[in-house]
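See structure below.
There are 4 protein chains.
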Amino acid sequence: MPEKTEKPTAETTATAAEDRPRRRQARGERRISQLLEAAATVFSTTGYTAASTNAIAREAGVSPGTLYQFFPNKEAIAIELGSRLMHEMRQSYDEVLTPIDPAVTPVEEVIAGTVDRFIAFNCRHPAFFALMHGPDIPGRIAEEHDALHATLVTRVETILAPFVPGAPAPAVTRTARMCVGIYMAGLELILAHEGAEREAYVQELKDVLLRYLRPLVGDVVK
Amino acid sequence: MPEKTEKPTAETTATAAEDRPRRRQARGERRISQLLEAAATVFSTTGYTAASTNAIAREAGVSPGTLYQFFPNKEAIAIELGSRLMHEMRQSYDEVLTPIDPAVTPVEEVIAGTVDRFIAFNCRHPAFFALMHGPDIPGRIAEEHDALHATLVTRVETILAPFVPGAPAPAVTRTARMCVGIYMAGLELILAHEGAEREAYVQELKDVLLRYLRPLVGDVVK
Amino acid sequence: MPEKTEKPTAETTATAAEDRPRRRQARGERRISQLLEAAATVFSTTGYTAASTNAIAREAGVSPGTLYQFFPNKEAIAIELGSRLMHEMRQSYDEVLTPIDPAVTPVEEVIAGTVDRFIAFNCRHPAFFALMHGPDIPGRIAEEHDALHATLVTRVETILAPFVPGAPAPAVTRTARMCVGIYMAGLELILAHEGAEREAYVQELKDVLLRYLRPLVGDVVK
Amino acid sequence: MPEKTEKPTAETTATAAEDRPRRRQARGERRISQLLEAAATVFSTTGYTAASTNAIAREAGVSPGTLYQFFPNKEAIAIELGSRLMHEMRQSYDEVLTPIDPAVTPVEEVIAGTVDRFIAFNCRHPAFFALMHGPDIPGRIAEEHDALHATLVTRVETILAPFVPGAPAPAVTRTARMCVGIYMAGLELILAHEGAEREAYVQELKDVLLRYLRPLVGDVVK
DNA sequence: GATGAATGAGGATTCATTCAT
DNA sequence: TATGAATGAATCCTCATTCAT
Numbered sequence: 511m512p513e514k515t516e517k518p519t520a521e522t523t524a525t526a527a528e529d530r531p532r533r534r535q536a537r538g539e540r541r542i543s544q545l546l547e548a549a550a551t552v553f554s555t556t557g558y559t560a561a562s563t564n565a566i567a568r569e570a571g572v573s574p575g576t577l578y579q580f581f582p583n584k585e586a587i588a589i590e591l592g593s594r595l596m597h598e599m600r601q602s603y604d605e606v607l608t609p610i611d612p613a614v615t616p617v618e619e620v621i622a623g624t625v626d627r628f629i630a631f632n633c634r635h636p637a638f639f640a641l642m643h644g645p646d647i648p649g650r651i652a653e654e655h656d657a658l659h660a661t662l663v664t665r666v667e668t669i670l671a672p673f674v675p676g677a678p679a680p681a682v683t684r685t686a687r688m689c690v691g692i693y694m695a696g697l698e699l700i701l702a703h704e705g706a707e708r709e710a711y712v713q714e715l716k717d718v719l720l721r722y723l724r725p726l727v728g729d730v731v732k
Numbered sequence: 511m512p513e514k515t516e517k518p519t520a521e522t523t524a525t526a527a528e529d530r531p532r533r534r535q536a537r538g539e540r541r542i543s544q545l546l547e548a549a550a551t552v553f554s555t556t557g558y559t560a561a562s563t564n565a566i567a568r569e570a571g572v573s574p575g576t577l578y579q580f581f582p583n584k585e586a587i588a589i590e591l592g593s594r595l596m597h598e599m600r601q602s603y604d605e606v607l608t609p610i611d612p613a614v615t616p617v618e619e620v621i622a623g624t625v626d627r628f629i630a631f632n633c634r635h636p637a638f639f640a641l642m643h644g645p646d647i648p649g650r651i652a653e654e655h656d657a658l659h660a661t662l663v664t665r666v667e668t669i670l671a672p673f674v675p676g677a678p679a680p681a682v683t684r685t686a687r688m689c690v691g692i693y694m695a696g697l698e699l700i701l702a703h704e705g706a707e708r709e710a711y712v713q714e715l716k717d718v719l720l721r722y723l724r725p726l727v728g729d730v731v732k
Numbered sequence: 511m512p513e514k515t516e517k518p519t520a521e522t523t524a525t526a527a528e529d530r531p532r533r534r535q536a537r538g539e540r541r542i543s544q545l546l547e548a549a550a551t552v553f554s555t556t557g558y559t560a561a562s563t564n565a566i567a568r569e570a571g572v573s574p575g576t577l578y579q580f581f582p583n584k585e586a587i588a589i590e591l592g593s594r595l596m597h598e599m600r601q602s603y604d605e606v607l608t609p610i611d612p613a614v615t616p617v618e619e620v621i622a623g624t625v626d627r628f629i630a631f632n633c634r635h636p637a638f639f640a641l642m643h644g645p646d647i648p649g650r651i652a653e654e655h656d657a658l659h660a661t662l663v664t665r666v667e668t669i670l671a672p673f674v675p676g677a678p679a680p681a682v683t684r685t686a687r688m689c690v691g692i693y694m695a696g697l698e699l700i701l702a703h704e705g706a707e708r709e710a711y712v713q714e715l716k717d718v719l720l721r722y723l724r725p726l727v728g729d730v731v732k
Numbered sequence: 511m512p513e514k515t516e517k518p519t520a521e522t523t524a525t526a527a528e529d530r531p532r533r534r535q536a537r538g539e540r541r542i543s544q545l546l547e548a549a550a551t552v553f554s555t556t557g558y559t560a561a562s563t564n565a566i567a568r569e570a571g572v573s574p575g576t577l578y579q580f581f582p583n584k585e586a587i588a589i590e591l592g593s594r595l596m597h598e599m600r601q602s603y604d605e606v607l608t609p610i611d612p613a614v615t616p617v618e619e620v621i622a623g624t625v626d627r628f629i630a631f632n633c634r635h636p637a638f639f640a641l642m643h644g645p646d647i648p649g650r651i652a653e654e655h656d657a658l659h660a661t662l663v664t665r666v667e668t669i670l671a672p673f674v675p676g677a678p679a680p681a682v683t684r685t686a687r688m689c690v691g692i693y694m695a696g697l698e699l700i701l702a703h704e705g706a707e708r709e710a711y712v713q714e715l716k717d718v719l720l721r722y723l724r725p726l727v728g729d730v731v732k
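Protein chains in written order, with our numbering: chain D, 511 to 732; chain V, 511 to 732; chain F, 511 to 732; chain A, 511 to 732.
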């Protein structure tokens with residue numbers, strides 16, 4: 511995120527009382543974003559455990575002390591980063607995918623749309639993958655991590671639900687989890703390639719999901 | 511791979527020179543296995559980066575010094591462990607799956623058999639998953655890791671090949687990679703559950719793979 | 511002692527130049543008191559070394575920057591605090607105890623009065639104890655600390671002198687130091703208790719001092 | 511403590527099995543003593559909080575890592591040091607002072623003996639004073655510190671008891687605490703002086719205690 | 001070979017102090 | 001002045017690795 515240097519030129523009088531404390535926070539907010547971006551880079555490069563706070567600070571171009579002015583510890587950085595990514599992801603698909611009518615939208619489209627959307631998001635934020643995927647993430651973070659995962663699964667369940675009305679809940683959960691797993695696996699391949707090859711993997715992923723889900727759906731829709 | 515080239519300060523008869531080292535190597539081999547087992551435990555518990563050599567030595571019931579008598583550094587442990595696991599895995603399926611005639615063995619069976627075999631192996635050796643899955647594995651190891659992965663992929667390609675004779679090589683590679691990815695994703699879910707639920711996930715994994723592959727195969731077989 | 515010599519960039523009339531600074535000093539004085547109060551709290555809670563300037567600023571409800579507008583460094587805070595406490599203490603007993611005539615006032619009364627007075631002061635200002643008592647106080651502060659201590663000792667010598675006219679100076683000094691030490695020891699016990707128990711310790715302290723000093727005094731007075 | 515270089519020259523055969531692990535521990539034990547000595551020096555110089563583990567290691571002539579091979583953290587060093595000092599102190603006076611018969615031993619002697627013994631101990635181990643006296647000692651250590659203090663008080667109570675048979679327990683406790691406080695105050699003065707002046711302070715301390723306690727004792731003995 | 005001690009660079013974190021606004 | 005962000009040296013502690021025995 512580029513330095514926005516928002517003009518602090520006195521705009522009005524009424525907001526002055528609010529402005530003073532906010533101008534301070536503005537710089538802080540910028541720093542926080544900057545640090546989280548740096549953290550995203552470092553995390554996705556080295557993984558959480560091997561990432562050093564000094565490296566993050568260096569990547570952000572600040573001193574270690576500055577980092578600790580905004581985050582109490584390394585964990586908190588990962589947690590905040592995860593939570594922000596999740597928020598952004600939620601927004602990203604909420605706008606389009608929420609209302610899905612199986613009678614109107616065919617599975618193909620749902621899958622293709624969802625995958626495209628998620629892939630786009632994950633290509634923009636490779637840290638998301640690092641955070642979701644780390645088997646070395648300790649303690650408190652795992653919770654956040656799990657929450658993130660659970661949210662994803664729930665989301666998929668929600669999308670799935672209208673397509674498989676008769677299915678028992680545990681089966682739907684299993685399917686949703688499987689979908690998320692497949693998606694992550696595909697994502698890894700996609701992120702590892704570029705250009706046409708990447709596109710090919712995207713298609714491959716869609717195929718896997720479609721073939722996996724169609725039979726389930728078909729029973730109902732047809 | 512542990513240091514092997516130690517010169518026995520040639521000074522005795524051929525038999526003696528071979529005998530003593532051999533006994534030593536026997537003890538050494540035991541130590542090495544012991545250490546690798548410990549490493550497997552620690553790696554699969556904490557991940558590679560967070561695993562400390564001291565912890566591995568402790569787990570193995572030896573002193574840190576002893577560990578370094580057999581491995582030059584931490585990396586070497588992971589590499590040797592990975593290589594051994596791969597060997598064992600290879601043997602594990604070589605004995606049965608090598609000759610597959612699509613005309614004789616239906617895809618269902620191939621998939622079910624392969625999955626069962628791999629799953630059994632991976633449940634016996636959870637470290638394999640940890641090693642394949644770690645995004646935090648630094649430098650040199652990644653190569654071994656990749657080699658391991660590549661071997662797996664090649665293996666799957668080999669299995670796949672007779673079923674999709676007309677397919678272009680890159681497509682087969684993509685499919686194989688996708689299969690390995692799906693398998694790893696399924697494995698994670700399987701390892702995370704027990705009993706009936708685990709079985710359900712095993713079945714789910716087979717379903718995914720079968721549905722994914724049948725269309726490809728069908729074109730040919732039918 | 512806070513920076514005072516700030517040049518008001520001489521540019522106005524004498525009155526203005528005096529007036530503005532004065533108002534400033536007034537606010538400044540309040541800030542300083544505020545900060546010293548906060549410092550007293552923090553010092554007596556955690557000791558000098560463990561006290562952080564940030565904590566003091568927070569306790570005072572100001573930013574760290576503000577603190578450094580009035581004190582050049584942490585040491586200066588302790589020094590100024592000590593010096594103010596000493597001043598207040600001096601005033602506190604000067605008003606009553608200065609003129610003591612052994613022929614008129616019996617030792618019992620002198621001791622009881624002095625102890626009560628000091629105790630009252632120290633209960634009001636627990637930081638005094640923390641400052642006098644800290645063995646962890648570094649460098650320059652020790653001097654101030656010693657000055658404070660020396661002042662106390664001198665004061666006690668002065669009180670003692672008329673009661674032991676014949677005694678050699680070094681002996682009086684020793685006795686005075688011993689008294690101060692005993693007082694501090696008693697004070698610690700007193701501050702550690704409340705209510706009736708506290709009163710009991712106060713009495714105990716008076717007993718100790720009385721029994722210690724009476725023989726010395728008795729030789730003369732009787 | 512000087513390096514003892516105990517001769518490991520094979521002495522016998524029977525103890526060999528015990529000797530091997532012990533020789534290792536021997537070096538370790540030596541290091542521990544060395545480190546504790548260094549810690550004693552540093553603690554009594556700078557106080558607990560300001561003492562850095564690096565400084566302790568440096569003082570002991572070892573690397574920081576070595577220190578942590580024997581102590582899990584800074585606290586543990588202080589705790590172990592305190593506990594060792596207490597043990598040594600206990601031994602120091604247990605041998606002589608345990609059986610005191612008021613009818614046989616006059617108070618003067620008891621006090622003089624006890625003080626001399628304690629003073630000798632504390633001059634040998636100035637860290638004891640630092641540890642008992644620190645107002646900045648955090649958390650867990652305070653407990654050990656308090657235990658140390660409590661032990662002292664109890665010890666004094668035990669010594670006192672036979673001399674004041676009729677006194678109520680709380681009063682005895684108060685008196686014992688007062689004695690310990692007076693002792694610590696005197697100790698500070700004693701440690702701060704040398705030669706004849708030091709002796710004079712020792713005498714002064716004895717006088718204080720004697721005059722404080724004689725009235726209590728007198729009631730009974732007479 | 002085996003042991004446990006030794007090393008020291010590096011990592012997370014704190015804190016006195018300074019600076020831009 | 002006041003603020004809060006910025007700094008970087010210093011702290012506690014860990015860990016891969018080496019060494020003496």
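Even glycine gets a Cβ: it sits at the ideal position worked out from N, Cα and C.
Where residue i meets chain F, residues with beta-carbon distance less than 7 angstroms
i         : result
A/Gly-691 : Ala-695, Gly-696, Glu-698 and Leu-699
A/Arg-684 : Ala-710, Tyr-711 and Glu-714
Same chain, Cβ closer than 8 angstroms to residue i, neighbours up to 5 away in sequence not counted
i         : result
F/Leu-591 : Leu-546, Ala-549, Ala-550, Phe-553, Ala-637 and Leu-641
A/Leu-723 : Val-617, Ile-621, Leu-670, Phe-673, Thr-685 and Cys-689
Beta-carbon proximity of residue i to residue j, cut-off 8 angstroms
i         : j         : result
V/Val-718 : V/Ile-629 : no
F/Ala-695 : A/Ile-542 : no
F/Gly-602 : F/Arg-627 : Checking the displayed sequence, the identity of residue 602 of chain F turns out to be Ser instead of Gly. Taking 8 angstroms as the Cβ cut-off, F/Ser-602 and F/Arg-627 qualify as a contacting pair.
F/Phe-631 : F/Met-599 : yes
F/Met-688 : A/Leu-726 : no
V/Arg-684 : D/Glu-714 : yes
V/Pro-574 : V/Thr-556 : no
A/Arg-537 : F/Arg-721 : no
F/Ala-567 : F/Thr-576 : yes
Contacts of residue i in chain F (Cβ-Cβ under 8 angstroms)
i         : result
A/Met-688 : Ala-695, Gly-696, Leu-699, Tyr-711, Glu-714, Leu-715 and Val-718
A/Tyr-722 : Asp-717, Val-718, Arg-721 and Tyr-722
Spatial neighbours of residue i in its chain, beta-carbon cut-off 7 angstroms, leaving aside the 5 residues before and after
i         : result
V/His-703 : Tyr-711
F/Lys-716 : Ile-621, Ala-622 and Val-625
V/Ala-686 : Val-663, Val-666, Glu-667 and Leu-670
A/Thr-661 : Met-596
D/Glu-569 : Ala-548, Thr-551 and Val-552
Residues near residue i by beta carbon distance below 6 angstroms, same chain, minus five either side
i         : result
V/Ala-561 : Val-552 and Phe-553
V/Ile-587 : Ala-549 and Phe-581
Contacts that residue i makes with chain V (C-beta to C-beta distance below 7 angstroms)
i         : result
D/Pro-725 : Arg-721
Which full runs of the alpha helix (DSSP H) of 4+ residues lie inside the region 680-732 of chain V, going along the chain? 705-731
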